[in-house]
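Numbering (numbering that gives the first Met the number 0), first residue to last: 0 to 894.
Every residue, glycine too, gets a C-beta built ideally from N, C-alpha and C.
Report on the structure given below.
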Amino acid sequence: MEHILVKSLLEKLLKLSREDANLIAGAETEFRLLRELVELVNACLIEVAEMRRTHQLREDLSMRIITAVYRCEDGIDNFLVHQLKNKWPKFVDSDRGRRIIENLLVKIDGLLDTMMPQSSARAQSLPSSQKYILISNTLRDVKPTKVLERWMIEIKQSNPFHYVPREMEGPESEDDEVIGFDEEAEVVIKRLLGGSGGYHDVIVPIVGVVGQGKSTLARKIYHDTRMSHEFFSCYWITVGHLGKVKDICLSFLKGLITTRRWEQYEDMNENELEKIILGILEEESRRLIVLDDVRTTDVVDFFRRIFGKDGKGHRILMTTRHVAISQYANSHPHYLKFLTPDESFELLKMKVFGRRSCPDELIELGKRMAKKCRGIPILVVIIAGALRGWRSQIEWQIFEENMVGPEMNDDDSTTMYKFLNLIYDHLTEEMKLRFLYFNIFPRGFDIPAWKLIRLWIAECLIEYNPSSSLEERAEKCLKSLVDRNLVMVIQKSSCGHIKTCRVHDLWHDFCKEEAKRWSFQQVSEDIGSRIPETTRQLCVQSSVLNDFLSRKPFGEHLRSFYCFTSKQSQVRRSLSDIKHITKAFPLLRVLDFDSGHLVFSKEFLQLFLLRYIAISGDFKVIPEPLGKFLYLQTLILNTSNSTLEIKANIWKLLRLRHLHTNVPAELPPPPIPTGEPSCLQTLSLITPKSCTKDVFAKACNLKKLGIRGNMEAFLETSKGGWRNLGELKCLERLMIYNDGSNYSSKPHLPPSFFKIRRTLKKLTLSKTMFDWSEADILGQLECLEVLKLKENAFKGMSWEVERGAFNNLQVLWIEGADLKNWEASEYHFPKLRHLVLKFCENLQAVPYELADVPSFEEMKLENTRKAAESAREIQRRKLMKSIKFKLTLSPPDTE
């Protein structure tokens with residue numbers, strides 16, 4: 000880790016000289032000296048990089064290096080804040096600035112001293128260049144070249160975890176299900192819904208050891224179409240990280256009602272919340288509640304009180320590791336079975352090879368390794384993720400020899416953690432830091448992939464490479480962790496990209512322990528009265544925030560502050576709390592405070608180094624001083640108001656890449672339309688009024704654009720905002736949401752729209768009310784892969800595709816349309832994979848010819864009952880050709 004941090008510090012100094020030369024004006028010589036000293040430190044660590052596995056730095060020495068690097072970084076950031084507060088005074092005129100740099104020089108030279116042999120007092124007085132020679136000889140074993148070469152070969156041959164394998168090869172097609180769970184799911188569903196005798200269970204507990212697949216089975220049942228048919232609504236509550244019954248009450252209540260204001264509920268006690276929930280549940284609608292990771296009987300008692308002995312038609316599916324709790328809920332819990340050796344091997348093969356067959360020479364090795372996992376699916380999956388990097392028999396043999404064993408012991412957490420550490424140790428140092436970052440999020444928290452990627456970038460965990468964008472590299476890193484089965488994909492987008500993800504509880508616990516060992520992260524339960532000097536990232540649960548702030552913490556060294564709450568509740572924090580946070584942590588780079596309502600105070604606007612801001616509030620206007628955040632990369636604003644005006648000059652924020660708002664934002668016009676273009680990649684959402692030629696010319700690098708409001712003027716063919724889309728040379732995703740109720744004249748697809756035809760990959764239209772006779776014109780968008788037409792995007796009774804083909808379209812989504820007749824053939828949609836039809840109640844049939852599209856593999860119909868017969872016929876034709884095809888009818892067809 001120390002090597003990564005030193006390298007990051009060096010890159011920071013290089014960027015200062017390249018990108019922020021105005022901030023260090025007059026101090027160029029001092030900063031050059033700083034850079035040279037850090038380069039010496041970096042060179043020392045590179046010397047031992049190839050032999051780190053057998054000659055680890057002593058942990059106390061590593062911590063001294065890490066602490067020294069952090070102190071240096073603090074000094075640099077203090078200098079930058081000083082300069083920004085004083086509007087970049089010349090360094091030579093700033094006594095404080097000079098003192099900061101002089102202290103930095105002493106600290107960096109002291110870092111070299113830290114790495115010196117403790118017994119060599121004379122060495123402390125040597126010049127820096129001579130210190131490097133002595134240090135590099137101390138940190139590594141000096142061996143003859145031939146002996147060293149032979150030694151490195153032996154290391155690589157004896158332990159595959161000591162070197163990075165070739166590029167990972169993911170399976171061609173991978174099933175997310177766990178082998179053997181179909182029968183398990185049927186048994187539990189029968190208990191929930193009742194069999195022929197009418198008997199059912201109000202509470203069905205699933206009990207099993209960690210990693211056995213309890214949540215996976217529960218999720219499979221939760222998404223079963225029979226649940227959406229039998230129950231009015233279904234709720235998933237991850238109990239483990241909520242803890243208190245009151246938090247669970249709030250979580251459940253948020254699912255029952257919709258409101259933006261939660262202050263009235265936050266101040267209520269459990270009994271008051273229970274009465275409100277009981278009042279709502281008096282309705283006859285049946286509900287299914289999934290309680291994942293139950294750890295106390297208090298949760299069971301609460302739901303028994305509100306549902307009663309007979310359940311009132313409601314059902315509860317719960318998972319727990321504790322047999323006693325499961326038996327308390329139901330004297331006959333469902334004991335999750337362990338995988339048989341054959342099932343374990345089948346799961347291993349599926350996760351390693353997908354549809355490809357396992358080579359004969361690897362079968363016996365695979366069976367032995369799968370057996371060592373004692374039927375625990377998560378261990379099989381973890382092994383499979385590591386094995387994807389190797390394909391030869393000798394590599395599998397080496398892997399087997401290094402497995403903890405002879406057999407895994409599911410009751411021995413120490414053995415389990417040793418096994419996890421063996422897999423974790425295989426990662427590069429950079430990937431380790433990215434993986435440990437998952438500890439920041441609450442256990443069981445479904446993490447939006449876009450959020451994780453933005454945070455990785457803000458935390459400098461993604462290296463710059465001119466061949467691809469930071470976002471592309473971050474997405475590739477996430478996929479690599481998924482391919483290794485270290486990260487679970489919870490939800491995918493319609494075009495197959497990762498939408499939400501999280502780590503298994505087993506890995507979350509491991510990340511927590513590893514982060515604690517290095518002390519660079521802290522989460523709520525670990526926070527004491529003092530924040531360690533090496534702590535750079537601090538995560539506080541909203542439930543303990545007041546208690547934490549009451550201790551008046553101060554941490555100039557802190558760079559990231561997160562306050563998470565459950566997805567189902569909101570907590571309003573007072574202005575004084577926000578003031579104290581900004582005073583306590585003046586060098587913050589990341590502020591993710593989605594659980595509070597913030598006012599733009601004077602203190603907040605002094606956080607000049609912020610790169611990532613995610614905040615909520617009642618604000619209507621984003622003030623001008625926000626334009627001083629020169630390092631800002633991502634800005635996420637959620638307001639309870641219906642409109643948002645941005646007065647801050649975002650156009651001078653040359654590092655701003657993503658602007659997200661939950662309501663349409665009105666942007667300021669660029670003060671200088673020409674000049675250096677903005678590096679904005681995301682604008683979502685903005686008003687139609689903001690779609691001027693000057694705005695789009697300045698934001699010409701946009702990849703994602705969302706527009707919402709009254710679209711009548713925007714859609715005017717002759718002078719509307721459509722014409723300006725041609726300024727966007729990189730646009731890949733476009734969302735158009737019309738809030739207007741009527742048009743003065745019939746809207747048409749403007750010809751100028753097709754200026755973006757060579758870049759646009761995803762298009763979403765809502766309430767635009769074009770005529771279906773124009774819909775097939777969208778086939779002119781040459782790169783279009785996903786088309787979502789929602790809530791009267793097109794109107795009319797008939798769509799006959801005639802004038803072209805959607806040659807690259809993979810996903811077609813039609814929702815809330817009055818369409819009755821739809822005529823198309825396989826030639827019009829040659830690459831279609833997924834078709835979704837929702838609330839198309841008049842549609843008579845899906846075109847039968849779509850069955851002849853080779854790539855067509857999945858179709859979902861929701862409240863589109865009249866077209867169900869044609870959907871079943873398409874499925875029948877696919878199955879006749881032995882082609883796998885998934886059809887989902889919701890509600891299920893009664894035939």
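A check of alpha carbon separations from F230 across H222, I236 and T237 identifies H222 as the nearest. Pairing M317 with I202 gives a Cβ-Cβ distance under 8 angstroms. For P667, DSSP records no beta bridge to any residue. Going by DSSP, R610 is part of no alpha helix (DSSP H) at all; its letter is neither H nor E.
In terms of Cα proximity to I671, the closest of E555, K697 and P829 is K697.
Under the criterion of beta carbons closer than 8 angstroms, E814 and F838 qualify as touching, at roughly 6 angstroms. The three-state secondary structure of D504, taken from DSSP, is helix.
Looking at the backbone, the Cα of F418 and that of Q396 are separated by about 16 angstroms. Under the DSSP definition of a beta bridge, L290 partners with I236 and M317. Three or more Cβ pairs closer than 8 angstroms define a contact, and the segment 815 to 833 meets that threshold against the segment 779 to 796. With contacts defined by Cβ atoms closer than 8 angstroms, S765 and I735 form a contacting pair. Beta-bridge analysis with DSSP links V835 to W812 and K859. For T638, the pairing in a beta bridge is given by DSSP as G616. In the structure shown, C538 falls within a strand segment according to DSSP collapsed to helix, strand and coil. Taking C-alpha positions only, I873 is separated from V845 by approximately 8 angstroms. Following the DSSP letters along the chain, one finds Q490 inside the beta strand (DSSP E) bounded by residues M487 to K491. In the three-state DSSP reduction, K761 falls in the strand class (E or B).
For W798, the uninterrupted beta strand (DSSP E) run begins and ends at S797 to E799, by DSSP. Take the alpha-carbon of Y742 and the one of L748: they are about 14 angstroms apart.
Using a C-beta cut-off of 8 angstroms, the segment 321 to 334 makes no contact with the segment 348 to 355, since fewer than three inter-stretch Cβ pairs fall below that distance. Secondary structure note for M734: its beta strand (DSSP E) is the uninterrupted segment R732 to N737. When the Cα atoms are used, N270 and A217 turn out to be separated by approximately 29 angstroms. Looking at the backbone, the Cα of R550 and that of S740 are separated by about 53 angstroms. Between the segment 204 to 215 and the segment 862 to 876 there are fewer than three inter-stretch CB-CB distances shorter than 8 angstroms, so the stretches are not counted as touching. Under a 10 Å Cβ-count criterion, I580 is classified as buried, with 16 or more other Cβ atoms of the shown protein chains found around its own Cβ. The closest CA to that of P667, considering only L652, N648 and R656, is found on N648. Here E848 has A823, S824 and E825 as same chain residues with Cβ atoms under 8 angstroms from its own Cβ, once five neighbours each way along the sequence are excluded. In this structure, DSSP gives F805 a state outside helix and strand, which the three-state scheme calls coil.
The bridge partners DSSP lists for I645 are I621. For Y561, no alpha helix (DSSP H) segment is defined; the enclosing uninterrupted segment is the beta strand (DSSP E) at S559 to F563. Closest option to N737, judged by alpha-carbon separation, among E470, G708 and I456: G708. For L432, same chain residues with a beta-carbon under 8 angstroms away, outside a window of 5 residues either side, are M0, I3 and L460 in chain order. With fewer than 16 other CB atoms across the displayed protein chains lying within 10 angstroms of its CB, Q843 is exposed. According to DSSP, I685 shares a beta bridge with A664 and I706. Residue burial annotation: P465 is exposed, with fewer than 16 other C-beta atoms found within 10 angstroms of its C-beta. The beta carbon of K692 sits closer than 7 angstroms to those of N723 and E726, all from its chain and outside the five residues before and after it, given in chain order.
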